[in-house]
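For reference, the structure is listed below as structure tokens.
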Amino acid sequence: MSDVPHQQPLNALKCVCSNYVPVKQPLRSAEWWQNHFGLEYAVPYNPAEFQAILKLSDGQWLHLVETDGVIDNQFPNKSGYEMFRLTFEVRQIEQLYNRLQTKGVRTENLEDRGSCGINFVFYDLDGNKFDVNEVVHLHRTPEEAEKVKEHLFHVAL
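All residue numbers for the sequence shown refer to the numbering used here, where the first residue is 1 and numbers rise by one.
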């Protein structure tokens, strides 16, 4: 055996495994997330825990935590813009955007954020603000990415 202690890598944080979102009614909120995004329960609902735990497609957990307090999931950045705390990565962003709008989910306009990709903001039942992102130039061919941008933003690239 070696007397040299095992060195942990400097960047020891691997990923975010759980995100906690304040909600008024966890079951109602879980149903909303299931209906609009197809999320499934990560563990069976237990009313004694005052939360519903859903699973994203890559395995991270979304905890919908019941609160009696004020729900304030946003914060202003230095220029005063109300920031979201989470950005969800998606594929086929235009299809998700259209589906959410068709179902009456409060959304903001699609944005081309250049190298960051295409994004839009949506709000859940409790007014929590979330961001959605697809880096189209990484996940689609250059031709597909150009077609999507032309279609969404009506500009010739």
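Beta carbons are placed, not taken as given, at the ideal position from N, Cα and C, and that holds for glycine.
Assign residue i to buried or exposed, taking buried as 16 or more other Cβ atoms, counted over all protein chains shown, within 10 Å of its Cβ.
i, result
"residue 12", "exposed"
"residue 41", "exposed"
"residue 117", "buried"
"residue 58", "exposed"
"residue 145", "buried"
"residue 119", "buried"
"residue 81", "exposed"
"residue 88", "buried"
"residue 73", "buried"
"residue 128", "buried"
"residue 37", "buried"
Beta-carbon within less than 7 Å of residue i's beta-carbon, same chain only, minus the 5 sequence neighbours each way: which residues are those?
i, result
"residue 91", "134 and 139"
"residue 77", "83"
"residue 110", "97, 118, 120 and 152"
"residue 17", "60 and 61"
Let me check one thing: in DSSP terms, what residues is residue i bridge-paired to?
i, result
"residue 95", "DSSP output for residue 95 lists no bridge partner at all."
"residue 119", "111 and 133"
"residue 21", "64"
"residue 87", "131"
"residue 46", "51"
"residue 76", "82"
"residue 40", "55"
Would you mind stating whether residue i and residue j have Cβ atoms separated by less than 8 Å?
i, j, result
"residue 71", "residue 132", "no"
"residue 99", "residue 123", "no"
"residue 19", "residue 86", "yes"
"residue 39", "residue 62", "yes"
Leaving out five residues on either side along the sequence, give the residues of the same chain with a beta carbon under 8 Å from the beta carbon of residue i.
i, result
"residue 64", "21, 23, 26, 29, 30, 33, 51, 52, 53 and 54"
"residue 136", "93, 117, 118, 144, 145, 148 and 149"
"residue 142", "none"
"residue 15", "60"
"residue 49", "none"
"residue 69", "22"
"residue 67", "22, 23 and 24"
"residue 103", "35 and 36"
Taking residue i and residue j to be in contact with their CB atoms under 8 Å, please state how far apart those CB atoms are, rounded to whole angstroms.
i, j, result
"residue 149", "residue 112", "6 Å"
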